Structures are given as structure tokens and as C-alpha cells.
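Data first, discussion second: the structure below is written as C-alpha cells.
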Amino acid sequence: MLWFTAYEVIEPGIRRTVPIADFTRLLGDSGRAAALHAAITAPRAPLTLGARILRLDQPHVAAILNVTPDSFSDGGQLEDDPVAAAHAGFDMVARGASIVDLGGESTRPGAKMVWEGDEVKRVVPVVERLVKSGAIVSVDTRKAAVMDAAIAAGAHIINDVSALLWDDRALEVVAKADCPVILMHSPDPAKGPHGGSGYGNVVIEVFDWLEARIAAVVAAGVDHGRIMVDPGIGFGKGLADNLALLNGLAMFHGLGCPIMLGASRKRMIGALSNEAPVGERLGGSLALALKGAEAGVHLLRVHDVAETVQALRVWRGFKDQALVGR
8 MLWFTAYEVI EPGIRRTVPI ADFTRLLGDS GRAAALHAAI TAPRAPLTLG
58 ARILRLDQPH VAAILNVTPD SFSDGGQLED DPVAAAHAGF DMVARGASIV
108 DLGGESTRPG AKMVWEGDEV KRVVPVVERL VKSGAIVSVD TRKAAVMDAA
158 IAAGAHIIND VSALLWDDRA LEVVAKADCP VILMHSPDPA KGPHGGSGYG
208 NVVIEVFDWL EARIAAVVAA GVDHGRIMVD PGIGFGKGLA DNLALLNGLA
258 MFHGLGCPIM LGASRKRMIG ALSNEAPVGE RLGGSLALAL KGAEAGVHLL
308 RVHDVAETVQ ALRVWRGFKD QALVGR
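Note that this note's numbering has the sequence shown beginning at 8, numbered continuously upward.
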């Protein structure tokens, strides 16, 4: 549990710090202020995932498992070999991952779109093996047919970079299955996740976009408690935008949903470290994971599972009153 005593209120051209006791009185719309305060401070309910329950009182690692030929970090390593891919997932769980996030289509800039039938063939055999082993599986896809097949195979969560906007049937599939879903921000998800966009205030604009998207998804029949959000680091955003979002992560608790952060090995790390290649971004990835943990993020989507789990254990140690006293 993270504690705080004041809010920073951000308005066009104005930033001010307001004590919690004065927040609802000093913010013009008292009803809106009270709702935000309640959303921020209420503990996130555990996720019920079939027979499994995932408590959200501590950050969890979601391990990235790609079965693609062209993902930016590990493309081609496990393509067309579901047995090897499943064993890689087993190893991730053994190293401390709470979730295996499985993807059958690359979302890197310039990646070719995959026909849904091919994506199903890549993903479903791995989902079946992972679920049979007892792993919690999320499937990273924007296609309704893939969602349908993955859920039927036992997948527990859908992780959609288009926030259920790319495929007209996606929202219906998720609502009908009562499946937890991760809604990620991108500037123009109907066209693709990397369309450029100029921001006046990226934190406020991404927050407002996700808030509107949550409302639309709830109106379509998805329970609010089944929704998670991702601010979309690196998707249609420049370095300054990404840094602003990372510095403003705590604001997204006002959406009242668990938060996922996916910044592992992203381009911004290279930009801040003499263009370090993808395979040499572990240090930066851990720094961003701990930045997310400090902001109260619930799910950290990462490539380097064991290293991130170890970093989180040390981070927790600093906050363990039995170890550090009062």
C-alpha cells in the first residue's frame, strides 16, 4: 500500500498542490473530485481468472512470450514451435512471472499484419499447453477471431493494443466471454498503434482518452472490475511524451482500474543511453519497472523476468516495516 497526503492538480497553464483534506472543496466540481479520490484510494479488487485469483496488492510481472518472426526484441526465436514456446513460458513462471503474455503478431513500427488464421495457429497450441500447466495466460491481440479462439483454449485475459477498436467484433467477444481485458492507448488505434499525434498535455490527453474508452466498454456490457489500462509507452509517442507519462503514472489510478506498464527494452531506453541496442537495455528496463512499481502500477510487462522479480523483491524490502522499522 502506498500513502500520500496531497494531490497535484493540473489544469491548462496551472499546476498546484492541494492537501487531501481540501481536495473536494477547492476543486470546482466537488462530485468529480470525490469520484476521483474514491477511484484513486480504493484497493483494486482481486482478479478472478477461472479457478485462479490474482491479488493486486503488489506489482506482478507479466512475461512477454512472442511466437512471431518479427517482434522487435525476440522475433523468430519460438516461431512455429509451440512445444518450445510453451516450455519457455513454463520457465518464465518458474522464474517468478505471475502472467504469461503471449503474442502472435508483432506490434513494432512497420511490422506486417498477420492473417487472423495464421495468428490463431501460432497462439492457440501454446495457450492450451500453458493453461494445462496452471499458468495464467493473457493473449496480446487486436483481432476478434484470435480472441475468440484464445478464450476457448483457456486464455484468461485479452491484451489489446487497440483498446478493442481495431476489430468491430472485439468488444462483443470480450463482453460475451466476461473476459478481463487490458485497454491500451494509442493515437489512432483503428489504423494502427503507431500513428503519430501531437499532444498539448500528453498525460491529461491519454487519461481522458482511456476514461472515455472505459466508459464505452462498460456501456457495451463489460464489468468495470474486468478492465485494466495501459498508457501505451512508445505507441505514437516521442521521448518527451513517454517521460511525461512515466512521471505522471500515478494519475492513472484515477481511472479506478489496475494499471499495466509495458516499457521493457523500448526505444526510449536506447535514446537515453547512447543508442544501446535492444539486447543491452536491461538496466534501463529495470529502472522503468521500478519507476512503475513506485507509482503503484499493478502489472509490469517485461522480457527479463528473473531480473525484474529480483529488483521488485529488493524494492519491497525497503518498504517492509518488519525489516526497516518505522
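Cβ coordinates follow ideal geometry from the N, Cα and C atoms, glycine included. Small disclaimer: the values here were computed from a predicted structure and weren't measured.
Taking DSSP's pairing of strands, which residues face Glu15 in a bridge? Here residue 15 refers to the residue found at position 8 when the sequence shown is read from its first residue. Thr24.
Opposite Arg308 in the DSSP bridges: which residues? Taking the first residue of the sequence shown as position 1, residue 308 is located at position 301. Ala69.
Quick check: the Cα distance between Leu109 and Pro26, rounded to an integer number of angstroms? Taking the sequence shown and counting its residues from 1, one reaches residue 109 at position 102. Taking the sequence shown and counting its residues from 1, one reaches residue 26 at position 19. Cα to Cα, the separation comes out at about 42 Å.
Reduced DSSP category for Gly82 - H, G, I as helix; E, B as strand; rest coil: Counting from 1 along the sequence shown, the entry for residue 82 is found at position 75. Residue placement at Gly82 cannot be trusted, given a pLDDT of 47 that sits under 50; the coordinates are not used to answer.
Would you tell me roughly how many angstroms separate the C-alpha atoms of Thr31 and Leu262, rounded to the nearest one? Position 24 of the sequence shown holds residue 31. Position 255 of the sequence shown holds residue 262. Their Cα atoms are separated by approximately 17 Å.
Contact the region 296-308 vs the region 262-278: 3+ CB pairs below 8 Å: yes
For the region 260-287, list the alpha helix (DSSP H) runs that are entirely contained and at least 4 residues long, ordered along the chain. 274-278
Residues of its chain near Arg274, where Cβ-Cβ distance is below 7 Å and the 5 sequence neighbours each way are ignored: In the sequence shown, residue 274 corresponds to position 267, counting from 1. Result list for Arg274: Gly241, in chain order.
Near Arg220, what residues of its chain come up, given a Cβ to Cβ distance below 7 Å and the 5 sequence neighbours on each side ignored? Here residue 220 refers to the residue found at position 213 of the sequence shown. If we look at Arg220 and ignore the five residues flanking it on each side, its Cβ neighbours are Ala170, Leu190.
Cβ atoms of Gly141 and Glu126: under 8 Å apart, would you say? Here the question's residue 126 lines up with position 119 in the sequence shown. Here the question's residue 141 lines up with position 134 in the sequence shown. Result no, Cβ atoms of Glu126 and Gly141 do not sit closer than 8 Å.
Ser145 versus Arg129 - alpha carbon distance: For the purposes of this step, residue 145 is taken as residue 138 along the sequence shown, with counting starting at 1. For the purposes of this step, residue 129 is taken as residue 122 along the sequence shown, with counting starting at 1. Taking the straight line from one Cα to the other gives about 14 Å.
Does the contact criterion of 3 or more C-beta pairs under 8 Å hold for the region 249-262 versus the region 42-58? yes
Which residue wins for smallest C-alpha separation from Val168, given the options Ala160, Ala182, Leu217? As a first step, residue 168 is located in the sequence shown; it is residue number 161 there, counting from the start. Residue Leu217 is the option with its Cα nearest to Val168.
Are the Cβ atoms of Ala152 and Glu123 separated by less than 8 Å? Counting from 1 along the sequence shown, the entry for residue 152 is found at position 145. Counting from 1 along the sequence shown, the entry for residue 123 is found at position 116. Their beta carbons are under 8 Å apart, which means Ala152 touches Glu123 by this criterion.
Short check: CB of Leu319 to CB of Ala300, under 8 Å? As a position in the sequence shown, residue 319 is number 312, starting the count at 1. As a position in the sequence shown, residue 300 is number 293, starting the count at 1. Yes, Cβ-Cβ distance for Leu319 and Ala300 is below 8 Å.
Tell me the DSSP bridge mates of Thr55? In the sequence shown, the residue the question calls residue 55 occupies position 48. Looking at the DSSP assignment, Thr55 forms a beta bridge with Ile60.
Let me know if Arg62 comes out buried or exposed under the rule of 16 or more other beta-carbons within 10 Å of its beta-carbon. By one-based count along the sequence shown, residue 62 stands at place 55. Its Cβ having fewer than 16 others within 10 Å, Arg62 is exposed.
Going along the chain, which residues of its own chain have a beta-carbon closer than 7 Å to the beta-carbon of Leu246, five neighbours each way excluded? If you number the sequence shown from 1, residue 246 lands on position 239. Excluding residues within five positions, the ones whose Cβ falls inside 7 Å are Met275, Ala278.
Using CA atoms only, rank isn't needed, just tell me which of Pro89, Ile158, Gln317, Glu15 is closest to Val74. Along the sequence shown, read from residue 1 onward, the residue named residue 74 stands at position 67. Of Pro89, Ile158, Gln317, Glu15, the residue nearest in Cα terms is Pro89.
Would you call the CB atoms of Ile334 and Pro194 closer than 8 Å? Because residue 334 is not part of the residues shown, which for the chain are 8 to 333, the question remains open.
One or two residues paired with Asp87 in a DSSP bridge: Here residue 87 refers to the residue found at position 80 of the sequence shown. DSSP lists no partner for Asp87.
Alpha carbon to alpha carbon, what distance is there between Gly255 and Phe11? Working through the sequence shown from its first residue, we reach residue 11 at position 4. Working through the sequence shown from its first residue, we reach residue 255 at position 248. Cα-Cα distance, rounded: 15 Å.
Looking only at its chain, what residues have a beta carbon closer than 6 Å to the beta carbon of Leu295, apart from the 5 residues adjacent to it on each side? Position 288 of the sequence shown holds residue 295. Cβ neighbours of Leu295 beyond the five flanking positions: Ala270.
Return the CA-CA distance between Val285 and Phe325, expressed in angstroms with no decimal places. By one-based count along the sequence shown, residue 285 stands at place 278. By one-based count along the sequence shown, residue 325 stands at place 318. The alpha-carbon atoms of Val285 and Phe325 are separated by roughly 30 Å.
Quick check on DSSP: helix, strand or coil for Leu246? Here residue 246 refers to the residue found at position 239 of the sequence shown. Looking at Leu246 - three-state DSSP - the assignment turns out to be helix.
Excluding the 5 residues preceding and the 5 following Val213 in the sequence, name in chain order all residues of the same chain whose CB lies nearer than 6 Å to its CB. Here residue 213 corresponds to residue number 206 of the sequence shown, with the count starting at 1. These residues qualify, in order along the chain: His192, Pro238.
So, helix, strand or coil for Ile158, using DSSP? Residue numbering aside, residue 158 sits at position 151 when the sequence shown is read from its first letter. Reduced to three states, the DSSP call for Ile158 is helix.
Hey, could you find the ends of the beta strand (DSSP E) Asp237 is sitting in? Working through the sequence shown from its first residue, we reach residue 237 at position 230. Here the beta strand (DSSP E) through Asp237 covers 234-237.
Tell me the rounded alpha-carbon separation between Ala283 and Asp327. For the purposes of this step, residue 283 is identified with residue 276 of the sequence shown, where counting begins at 1. For the purposes of this step, residue 327 is identified with residue 320 of the sequence shown, where counting begins at 1. About 34 Å.
May I ask which residues mark the beginning and end of the beta strand (DSSP E) holding Ile165? Locating residue 165 in the sequence shown gives position 158, counting from the first residue. Run containing Ile165: 164-167, per the beta strand (DSSP E) assignment.
When you compare the CB positions of Ala182 and Arg149, do they come within less than 8 Å of one another, or not? Locating residue 182 in the sequence shown gives position 175, counting from the first residue. Locating residue 149 in the sequence shown gives position 142, counting from the first residue. Taking 8 Å as the Cβ cut-off, Ala182 and Arg149 do not qualify as a contacting pair.
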